[in-house]
Structure formats: structure tokens, C-alpha cells
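Using the UniProt record's numbering, read the sequence shown as starting at 1 and increasing by one per residue.
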Amino acid sequence: MSEKQAIIVIPVYTTQLTVSEHAALRQCFDILSSYPKCFVKPESLDITSLVRDYPANHIVPFPDTYFKGIAGYNRLMMSPEFYETFAQWEYILIYQTDAWVFSDRLSEWCSKGYDYIGAPWIPKPKYRKLYYRIFNFLKRVFCYISGSSDYSRIYYRVGNGGLSLRRTQLFAQIAREMISEIDCYLSHPGTDFYNEDIFWSLEVNRKKERLKIPDWKEALRFSFDKNPSECYALNDRKLPFGCHGWSKKKMLPFWKQHISNI
Numbered sequence: 001m002s003e004k005q006a007i008i009v010i011p012v013y014t015t016q017l018t019v020s021e022h023a024a025l026r027q028c029f030d031i032l033s034s035y036p037k038c039f040v041k042p043e044s045l046d047i048t049s050l051v052r053d054y055p056a057n058h059i060v061p062f063p064d065t066y067f068k069g070i071a072g073y074n075r076l077m078m079s080p081e082f083y084e085t086f087a088q089w090e091y092i093l094i095y096q097t098d099a100w101v102f103s104d105r106l107s108e109w110c111s112k113g114y115d116y117i118g119a120p121w122i123p124k125p126k127y128r129k130l131y132y133r134i135f136n137f138l139k140r141v142f143c144y145i146s147g148s149s150d151y152s153r154i155y156y157r158v159g160n161g162g163l164s165l166r167r168t169q170l171f172a173q174i175a176r177e178m179i180s181e182i183d184c185y186l187s188h189p190g191t192d193f194y195n196e197d198i199f200w201s202l203e204v205n206r207k208k209e210r211l212k213i214p215d216w217k218e219a220l221r222f223s224f225d226k227n228p229s230e231c232y233a234l235n236d237r238k239l240p241f242g243c244h245g246w247s248k249k250k251m252l253p254f255w256k257q258h259i260s261n262i
């Protein structure tokens, strides 16, 4: 592993973490102990107590506005300044406090040469049935004509940003060059289909390929997000490098089988 291959970036909003968030941070610092880590935090937040428990190598403050809900986070994750902050590293691994890693395979994933990797959006098994496929096709046609959002467009696309690997300098470059598209996304606050990971997964490559992204089958080996039981079956009943959203109520019954002491 090159010293400048990757840095783990952990966004924090508060020092009052839940039990599951503490578990996620302990796992990150234990399993990925050989990589530098950085807490990204609001300027006004004192995280001295957090760093005492989790001794990150770096602490980078950003204006508080970036940490006011999902809309603020989207602005941060689509700003060139964010990626330029970490320009000395080839990759950043975004590790939100509801992420988890099972093994130290970060260097392996960096060596694959992809520009962006996150958990693929895998739908529930019922959506593979013929009548659902017909319904979704008709829905896509309607949404295209009406100009409305069609969530099924992200099915089997890559991928969720909560645990994601990003090529730092290329992301900074694209964020500078696609200002009008980013402004469009930011003009839809509170709309899931315009979140920052949708921008990087779908919008950036919509007209031409600018980011090298793996297909959903390979991305399943990187991370699971929604519908982890289905992800597990599709991944030959093997755990990925990590996962996101494991502590959510719908996900926890599955992950309790694979994450001890939760």
C-alpha cells in the first residue's frame, strides 16, 4: 500500500454518538488501522472527546452550513473544495457513521483502478417478476414524458455514497466542470433522486463516460446497502468488503447474523 493511496474520511455532526455509531467507528479504526483517517466536522463543533477515543490523523472543519441536513451534505459532497482538501491522496473512502467494514481490502479495491465504487441499489426480488418489469417500463416512459423522477432508474446502478471509494483529483475536476448540473441537483433539496451519490453514479456519466464505475455484480463485493438479504444471495452468500445502513431497523435483523456484539 502506498502511503498516499487512500485516506478514510469520516463526516461527523455531533459528539453524542449512538451505540451503533461507536461500534462502527471502533470497527473502522480496528480493521483499517493502517490507513490515515480524517474527521470532517462543522467549524463550531469541538470534537476533542471524540478524537480522544478515536485518534484520527487529521481533523478538517468546514462551514456549519454543510452539516445542516442532507441538503448541506449534498453541497459538501459536490463541491470541488472538499476533494481538493484531500488532493495529496489518490482515493478517499467516505465512511459514514452507519457504515461497517468486514476486512482490510481497501488497498485491493484501490488497485482495481475504478474512479467510484459504492453499494449497488438492488431492488427487492419481487421487482424481477414480469408484471413488475412491465409496470416499471411503463412508469419510466411516463416519467420521461412528464419530466418527473423515476426511482427505478437507479436499480442495479452503482452506487450508494455512505461507504464509497472516490478518486480524489478526478472528482475535484468534475465538480469544477459540471457546475450547472450540480446547481440543478442542489435546486431540489429534500428530493432523494437528487442526492449527491445519484449525481456521481448517474449524472456524471449520462452523456459520456467520465468515471470508471464497476458493474453491480462486482460492486456487490465492495458493499451492500438496501435489501441486504437479496444482496447476500446475489453475491453467492459471501460478505462484501463493507456495508452501509446496517443499523437501520429494516436492515438490523439480517446484519445481526453477521456482525457480532450488536
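All C-beta atoms, glycine included, are put in the ideal place defined by N, C-alpha and C.
Selected residue, minimal CA-CA separation from residue i, among the options
i: Arg105; options: Val40, Cys28, Ile179 and Gly72; result: Cys28
i: residue 277; options: Glu181, Ile198 and Gln169; result: Residue 277 cannot be examined here, being either before or after the span of the chain that is shown, 1 to 262.
i: Pro42; options: Ser49, Cys243 and Tyr73; result: Tyr73
i: Ser187; options: Arg75, Tyr95, Arg210 and Val12; result: Arg75
i: Ser164; options: Tyr91, Gln5 and Phe193; result: Tyr91
i: Arg157; options: Cys110, Glu177 and Pro214; result: Pro214
i: Pro180; options: Met78, Gly113 and Trp216; result: Note that residue 180 is Ser in the sequence shown, not Pro. Out of Met78, Gly113 and Trp216, Met78 has the C-alpha closest to the C-alpha of Ser180.
i: Glu84; options: Arg176, Tyr114 and Thr48; result: Arg176
i: Lys212; options: Gly113, Leu45, Gly69 and Ile8; result: Gly113
i: Thr15; options: Val40, Ala24, Ala71 and Leu50; result: Leu50
i: Glu3; options: Asp30, Tyr35, Val9 and Leu17; result: Tyr35
i: Leu32; options: Ile7, Ile262 and Val60; result: Ile7
i: Thr191; options: Gly69, Gly245 and Phe39; result: Gly69
i: Ser260; options: Arg26, Pro189 and Pro80; result: Arg26
i: Trp89; options: Pro123, Thr168 and Glu196; result: Thr168
i: Ser152; options: Lys124, Glu196 and Leu93; result: Lys124
i: Leu93; options: Ser44, Phe39, Pro80 and Val9; result: Val9
i: residue 263; options: Tyr185, Glu203 and Asn195; result: The question about residue 263 has no answer here: the residues shown for the chain are numbered 1 through 262.
i: Lys207; options: Met178, Glu218 and Phe193; result: Met178
i: Phe224; options: Pro80, Lys249 and Trp255; result: Trp255
Where residue i falls, given that 16 or more other Cβ within 10 Å makes a residue buried
i: Ala233; result: exposed
i: Arg52; result: exposed
i: Pro55; result: exposed
i: Ala87; result: exposed
i: Pro63; result: exposed
i: Glu209; result: exposed
i: Ser247; result: buried
i: Asp183; result: exposed
i: Met251; result: buried
i: Asp30; result: exposed
i: Thr18; result: exposed
i: Ser146; result: Model confidence at Ser146 stands at a pLDDT of 49, short of 50, so the residue's coordinates are unreliable; what they give is reported in the following sentence. Label assigned to Ser146: exposed.
i: Thr48; result: exposed
i: Val60; result: exposed
i: Arg237; result: exposed
i: Phe142; result: Its pLDDT being 48, under 50, Phe142 is placed unreliably in this model, and the value from its coordinates should be taken loosely. Exposed.
i: Cys110; result: buried
i: Asp46; result: exposed
i: Phe82; result: buried
Under 9 Å between C-beta atoms of residue i and residue j
i: Leu220; j: Asn235; result: yes
i: Phe102; j: Phe241; result: yes
i: Ala119; j: Phe222; result: yes
i: His58; j: Lys37; result: yes
i: Gln5; j: Ser107; result: yes
i: Val12; j: Thr97; result: yes
i: Tyr95; j: Trp121; result: no
i: Tyr116; j: Trp216; result: no
i: Ala71; j: Pro189; result: yes
i: Ile262; j: Ser44; result: no
Closer than 8 Å: residue i CB and nearest the ligand ATP heavy atom
i: Arg105; result: As presented, the structure is devoid of all ligands, the ligand ATP included, so that no description of it is given.
4 or more residues per run - each alpha helix (DSSP H) lying fully within the region 166 to 235: 168 to 177, 179 to 186, 216 to 220 and 228 to 234
Whole beta strand (DSSP E) elements within the region 48 to 108, 3-residue minimum: Every beta strand (DSSP E) of 3 residues or more that sits fully in the region 48 to 108 is shown, in chain order, as 58 to 62, 91 to 95 and 99 to 101.
Three CB pairs or more closer than 8 Å across the region 223 to 230 and the region 170 to 187: Three or more Cβ pairs closer than 8 Å define a contact, and the region 223 to 230 falls short of that threshold against the region 170 to 187.
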